[in-house]
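The structure appears below as structure tokens.
In the numbering used here, the protein residues as written are 3 to 488.
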């Protein structure tokens with residue numbers, strides 16, 4: 003009976019000339035993800051009789067030089083103008099939360115990192131995208147599960163990721179080649195990618211060279227630092243999970259850091275700093291990338307885009323001399339465990355207060371689709387990193403990063419883990435960063451830091467509400483965003 007009624011409705015709709023695919027939420031026409039997004043945008047504009055539609059994007063300023071090209075392409079394809087307004091990435095979360103209160107509708111799209119989603123979702127300022135995806139049919143194939151899972155929060159599609167910002171280690175091929183014979187004689191192995199964090203520090207100590215020294219037949223007119231990595235407030239928390247090698251909390255949100263494993267992680271995180279530039283605790287990307295490109299460090303742990311910078315930046319002195327390594331592991335229960343934190347990971351969410359959220363969705367589906375996404379990752383002006391299997395066979399992506407780098411970063415993607423995908427994550431991050439800084443400065447011990455972080459994290463959990471935090475934490479872990487399970 004119901005089947006006959008439905009068929010009757012469809013027949014009437016056809017007779018009336020209604021657009022059945024949209025009326026019934028069926029897939030939009032188009033053989034590719036990009037075509038479906040374009041067709042969806044055009045159909046939306048026609049349905050609502052829009053004249054000169056505009057979408058406004060709260061834009062991460064890191065991408066201000068590369069993004070406009072793609073905004074213009076979308077305008078040419080659909081007639082939708084994109085107005086991108088850049089802000090520093092540290093300013094964007096407060097802008098998003100201000101919109102949660104003001105509800106102005108001035109923003110259609112937020113461009114930021116996955117870990118901004120929990121607070122934005124809790125504040126009700128971002129739009130679930132599942133209904134639009136049902137028609138647009140995005141394609142997330144070729145993306146490893148730990149990265150793909152970051153696009154959902156509490157079971158809802160909330161975010162489009164286009165940036166494999168999981169950490170990698172990079173070492174200098176030219177320096178390793180110079181030292182090969184001596185290194186092998188001393189350690190019994192080739193100077194290649196280190197297996198563990200402790201081996202990385204051993205290499206950093208060996209290659210650390212003072213200005214004026216002559217080593218391996220080469221005189222160093224500038225210091226060669228054995229290692230380079232992010233160690234400042236607002237950056238340390240992005241690296242620490244690689245040293246911890248597992249979940250930071252148990253299933254009831256009890257911190258696991260005040261343990262032998264946690265204390266050892268803090269010690270290793272702080273110890274290698276003595277082989278880094280003396281002011282590294284005040285550095286961010288604007289200092290790390292040029293310093294690496296200058297050739298004054300043997301190794302760096304960073305966002306993978308640093309390899310593209312080293313290969314393509316006109317001022318770089320290390321073109322073709324980079325070996326990308328899997329992130330070093332740590333021993334847990336006698337086994338080697340590698341975890342590559344998704345240290346940033348640029349992407350987009352749609353504002354709940356957008357006047358045209360469906361139109362905004364189609365822009366994001368097009369922007370992050372497999373073919374267009376590959377083009378964007380290859381952009382020499384951009385900081386987007388490889389993240390899906392198709393990057394390996396895209397000539398432009400390979401030219402920018404090298405096959406060796408892409409192969410390695412895709413291997414790192416298999417052990418990629420989210421940062422904290424729960425509300426109040428910045429407060430948790432801040433507690434960790436401040437105490438790690440004190441250890442690196444020699445003001446407190448690793449043991450004392452572990453106690454302070456445990457107490458601080460418990461306070462944040464209680465302030466937000468332990469019951470809700472436990473629910474969100476378990477949901478995130480069960481989704482696969484953290485690789486590890488309870």
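Glycine included, C-beta positions come from ideal geometry on N, C-alpha and C.
Predicted model only: the values in this text are computed from it and were never measured.
Cβ-Cβ distance between residue i and residue j below 8 Å
i           : j           : result
residue 298 : residue 312 : no
residue 232 : residue 423 : no
residue 352 : residue 111 : yes
residue 344 : residue 418 : yes
residue 226 : residue 300 : yes
residue 479 : residue 458 : no
residue 167 : residue 346 : yes
residue 236 : residue 453 : no
residue 386 : residue 165 : yes
residue 318 : residue 203 : no
residue 60  : residue 89  : yes
residue 248 : residue 309 : no
residue 371 : residue 93  : no
residue 213 : residue 223 : yes
residue 392 : residue 376 : yes
residue 127 : residue 468 : no
residue 526 : residue 241 : Residue 526 lies beyond the stretch modelled for the chain, which goes from 3 to 488, so this question has no answer here.
residue 257 : residue 456 : yes
residue 174 : residue 320 : yes
residue 363 : residue 134 : yes
C-alpha distance - residue i paired with residue j, whole-angstrom precision
i           : j           : result
residue 22  : residue 137 : Only weak support exists for where residue 22 lies, its pLDDT of 33 falling under 50; the value from the coordinates is given anyway. One C-alpha to the other measures close to 12 Å.
residue 86  : residue 264 : 42 Å
residue 287 : residue 348 : 15 Å
residue 143 : residue 188 : 45 Å
residue 24  : residue 30  : Summary for residue 24: the model assigns pLDDT 39, below 50, so the residue's position carries little reliability; its value from the coordinates is reported in the next sentence. Spanning the two alpha carbons is a distance of roughly 7 Å.
residue 26  : residue 315 : With a pLDDT of only 41 at residue 26, under 50, the local geometry of the prediction cannot be trusted, and no value is derived from it.
residue 360 : residue 334 : 46 Å
residue 50  : residue 161 : 25 Å
residue 426 : residue 244 : 21 Å
residue 195 : residue 412 : 16 Å
residue 483 : residue 157 : 12 Å
residue 117 : residue 153 : 10 Å
residue 356 : residue 473 : 29 Å
residue 206 : residue 400 : 29 Å
residue 471 : residue 284 : 32 Å
residue 477 : residue 220 : 55 Å
residue 216 : residue 404 : 31 Å
residue 41  : residue 414 : 36 Å
residue 435 : residue 293 : 23 Å
residue 486 : residue 421 : 12 Å
residue 82  : residue 252 : 47 Å
residue 17  : residue 396 : Note that residue 17 scores 35 on pLDDT, short of 50, meaning its location in the model is unreliable and no value can be drawn from it.
Residue range of the unbroken alpha helix (DSSP H) whose run includes residue i
i           : result
residue 346 : Looking at the DSSP string, residue 346 is not in any alpha helix (DSSP H), and its letter there is neither H nor E.
residue 183 : 175–189
residue 204 : 199–209
residue 80  : 69–80
residue 289 : 287–295
residue 396 : No alpha helix (DSSP H) contains residue 396, which DSSP labels as neither H nor E.
residue 364 : 359–370
residue 476 : 468–481
According to DSSP, residues forming a beta bridge with residue i
i           : result
residue 218 : Paired residues: none, contrary to the question.
residue 259 : Paired residues: none, contrary to the question.
residue 251 : 257
residue 62  : 89
residue 83  : 56
residue 320 : DSSP lists no partner for residue 320.
residue 240 : Beta-bridge pairing links residue 240 to no other residue.
residue 390 : 145
residue 158 : 155
residue 404 : BP columns for residue 404 are empty, so no partner.
N-terminal and C-terminal residue of the beta strand (DSSP E) that residue i is part of
i           : result
residue 303 : 301–304
residue 114 : 111–114
residue 333 : 332–334
residue 337 : 337–339
residue 325 : 324–327
Inter-residue CB distance, residue i and residue j (contact presumed, cutoff 8 Å)
i           : j           : result
residue 72  : residue 378 : 6 Å
residue 271 : residue 438 : 6 Å
residue 228 : residue 291 : The Cβ separation is near 18 Å, so there is no contact.
residue 84  : residue 365 : 7 Å
residue 95  : residue 428 : 7 Å
residue 269 : residue 398 : About 43 Å separates the two Cβ atoms, so there is no contact after all.
residue 132 : residue 159 : 5 Å
residue 172 : residue 302 : 5 Å
residue 407 : residue 463 : The pair is not a contact, with the Cβ atoms about 39 Å apart (cut-off 8 Å).
residue 36  : residue 374 : 6 Å
residue 113 : residue 62  : 5 Å
Any non-hydrogen atom of the ligand COA within 7 Å of residue i CB
i           : result
residue 465 : Within the structure as shown, the ligand COA is missing, as the structure has no ligands at all.
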